[in-house]
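Quick notes on the structure that follows.
Numbering (this note's numbering), first residue to last: 6 to 63.
Below, the structure is given as structure tokens:
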């Protein structure tokens, strides 16, 4: 092979490797996007001197 042919083959190999790396990365991102979200805590502020949910309804 000539030098330019060898460079072309090497560039194609590098491109294929990068394509595979990006494909695997995309699969990991897609898999993590399907994971459920858990809400582990909530807080609430009540205005007007109210200090509970029951007081809010009153």
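Even for Gly, the Cβ is constructed at its ideal location relative to N, Cα and C.
Item                                                                                      : Value
Can you tell me which of the three DSSP states residue 7 falls into?                      : coil
Roughly how many whole angstroms lie between the Cα atoms of residue 23 and residue 29?   : 10 angstroms
What is the DSSP secondary structure of residue 58, reduced to helix, strand or coil?     : helix
Identify whether residue 25 lies in helix, strand or coil by the three-state DSSP scheme. : helix
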